[in-house]
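Colleague:
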Amino acid sequence: MKLLFKEDLLPSRGDIRLFSLGPIAVISILLSFSVSPFSYRLVLANLSIGVFLWIAVSSIVPLGLLMSGYGSNKKYSFLGGLRAPAQSISYEIPLTPCVFSISLRAIRLDMSCYLFLLFLGKKGVKCIEICFWSYNLWCQPIGFMVFLISSLAECERLPFDLLEAEEELVAGYQTEYSGIKFGLFYVASYLNLLVSSLFVTVLYLGGWNFSIPFLFLPNFLGINELSGVFKTTIGILITLAKAYLFLFISITTRWTLPRMRMDQLLNFGWKFLLPISLGNLLLTTSSQLLSL
3 MKLLFKEDLL PSRGDIRLFS LGPIAVISIL LSFSVSPFSY RLVLANLSIG VFLWIAVSSI
63 VPLGLLMSGY GSNKKYSFLG GLRAPAQSIS YEIPLTPCVF SISLRAIRLD MSCYLFLLFL
123 GKKGVKCIEI CFWSYNLWCQ PIGFMVFLIS SLAECERLPF DLLEAEEELV AGYQTEYSGI
183 KFGLFYVASY LNLLVSSLFV TVLYLGGWNF SIPFLFLPNF LGINELSGVF KTTIGILITL
243 AKAYLFLFIS ITTRWTLPRM RMDQLLNFGW KFLLPISLGN LLLTTSSQLL SL
């Protein structure tokens, strides 16, 4: 609220249009909430493209950062803006094959179907809800690690915060911003972290599913166990609890890991994570073909 009443300063020699459009383009991450389910059938837009909308929207954010850095017409801001698309491309490409690997096991590409298993029986295709040992975390452990690291890089968290490294670039692309525009960058950063944690929860941690039945809660509260409101509420709480586990991981990495150099960051994405994610996709495709 304090930033709303701060003065909005503009660079005297910068491109005012690009400088003003940058923070607005970054807020496009809000579109990702429309396809993120919090419980069974509790999703704003159950689109057929599902998680790929999040990947597409994440590609827009670096363009906004590049416009912000270029529009500021300052060397530190421009360097921070140039690092944004380089880092995004380097870690978005390894992330996508991990999503493909999970999509091969799903029926459709909307987010609800990532929480079900597909079986081919005598009477056709059967779909059952997954249990704890059927989570994609156990079926795709390599993909989970690559997805986790790539998501942290997409969110620009340490050790991947080279876009705004204080020791090198003062504040990166945010150097010339003030007021509400400066606040929009931080709002978008934390929203992106929350969206990433929700997608990790749905894709790998079973979403709203939980193996321990809540047998004592309905009797204790005096409600029907099969009540739709009860199941939806419990599903939302379980989803948020698992999402906060990912947030805790991002906080602990900020405390423990040092910042990488730019060449190390790019080499780690292209030469290490990308071959692993492609190999994981190849193994998943082979296993799916052999199981037919």
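Just so it is clear: in the sequence shown, position 166 is 168 by the numbering used here, and no numbers are missing. From the three backbone atoms N, C-alpha and C, an ideal C-beta is built for every residue, glycine too. Bear in mind the structure is a predicted one, so any value in this text is a computation, not a measurement.
Using only the alpha-carbon positions, how far apart do Leu23 and Lys4 sit?
Modeller: Here residue 23 refers to the residue found at position 21 when the sequence shown is read from its first residue. Here residue 4 refers to the residue found at position 2 when the sequence shown is read from its first residue. Taking the straight line from one Cα to the other gives about 22 Å.
Colleague: To the nearest angstrom, how far is the alpha carbon of Phe118 from that of Pro39?
Modeller: Mapped onto the sequence shown, residue 118 falls at position 116. Mapped onto the sequence shown, residue 39 falls at position 37. With a pLDDT of 47 at Phe118, under the threshold of 50, the predicted position of this residue should be treated as unreliable, though the coordinate-derived value follows. Taking the straight line joining both Cα atoms gives about 14 Å.
Colleague: With H, G and I counted as helix, E and B as strand and the rest as coil, what does DSSP make of Leu44?
Modeller: Here residue 44 refers to the residue found at position 42 when the sequence shown is read from its first residue. The answer is strand: DSSP assigns Leu44 an E or B state.
Colleague: With burial defined as no fewer than 16 other Cβ atoms inside 10 Å of the residue's Cβ, what is the status of Asp163: buried or exposed?
Modeller: As a working mapping, residue 163 is identified with position 161 in the sequence shown. Looking at its Cβ environment, which holds 16 or more other Cβ atoms inside 10 Å, Asp163 is buried.
Colleague: Just how far apart, CA to CA, sit Gly123 and Trp140?
Modeller: Along the sequence shown, one-based indexing puts residue 123 at 121. Along the sequence shown, one-based indexing puts residue 140 at 138. Residue placement at Gly123 cannot be trusted, given a pLDDT of 40 that sits under 50; what the coordinates show is reported in the next sentence. Cα-Cα distance, rounded: 24 Å.
Colleague: Assuming Asn282 contacts Cys157 under a Cβ cut-off of 8 Å, what Cβ separation, rounded to an integer in Å, is found between them?
Modeller: Here the question's residue 282 lines up with position 280 in the sequence shown. Here the question's residue 157 lines up with position 155 in the sequence shown. Not confirmed; about 22 Å, so no contact.
Colleague: Within this structure, are the beta carbons of Ala88 and Leu285 separated by less than 8 Å?
Modeller: In the sequence shown, counting from the first residue as 1, residue 88 sits at position 86. In the sequence shown, counting from the first residue as 1, residue 285 sits at position 283. Cβ distance not < 8 Å, so Ala88 and Leu285 don't count as in contact.
Colleague: What first and last residue would you give for the alpha helix (DSSP H) that runs through Phe102?
Modeller: Sequence index remark: in the sequence shown, residue 102 carries index 100 (1-based). Segment 77-105, the alpha helix (DSSP H) holding Phe102.
Colleague: Alpha carbon to alpha carbon, how far is Tyr246 from Gly209? Give it in angstroms, no decimals.
Modeller: Walking along the sequence shown from the start, residue 209 turns up at place 207. Walking along the sequence shown from the start, residue 246 turns up at place 244. Their Cα atoms are separated by approximately 12 Å.
Colleague: When you compare the CB positions of Leu195 and Ser252, do they come within less than 8 Å of one another, or not?
Modeller: Residue 195 sits at position 193 when you count from the first residue of the sequence shown. Residue 252 sits at position 250 when you count from the first residue of the sequence shown. Going by C-beta atoms, Leu195 is nearer than 8 Å to Ser252.
Colleague: Do you know how far the Cα of Gln142 is from the Cα of Val148?
Modeller: Translated into the one-based positions of the sequence shown, residue 148 becomes position 146. Translated into the one-based positions of the sequence shown, residue 142 becomes position 140. Distance between the alpha carbons of Val148 and Gln142: 10 Å.
Colleague: Roughly how many whole angstroms lie between the Cα atoms of Leu275 and Ser61?
Modeller: Here residue 275 refers to the residue found at position 273 of the sequence shown. Here residue 61 refers to the residue found at position 59 of the sequence shown. One C-alpha to the other measures close to 19 Å.
Colleague: Looking at Pro64: is its Cβ nearer than 8 Å to the Cβ of Ser90?
Modeller: In the sequence shown, residue 64 corresponds to position 62, counting from 1. In the sequence shown, residue 90 corresponds to position 88, counting from 1. Against a cut-off of 8 Å, the Cβ pair of Ser90 and Pro64 comes out as a contact.
Colleague: Between Leu205 and Ile51, is the Cβ-Cβ spacing less than 8 Å?
Modeller: Locating residue 205 in the sequence shown gives position 203, where the first residue counts as 1. Locating residue 51 in the sequence shown gives position 49, where the first residue counts as 1. In this structure, Ile51 does not lie closer than 8 Å to Leu205 by Cβ.
Colleague: Answer with buried or exposed for Thr254, where buried requires no fewer than 16 other C-beta atoms within 10 angstroms of its C-beta.
Modeller: In the sequence shown, residue 254 corresponds to position 252, counting from 1. So Thr254 ends up on the exposed side.
Colleague: Quick check on the burial criterion: 16 or more other C-beta atoms within 10 angstroms. Buried or exposed for Trp135?
Modeller: For the purposes of this step, residue 135 is taken as the residue at position 133 of the sequence shown. It is exposed - the Cβ of Trp135 has fewer than 16 other Cβ atoms within 10 Å.
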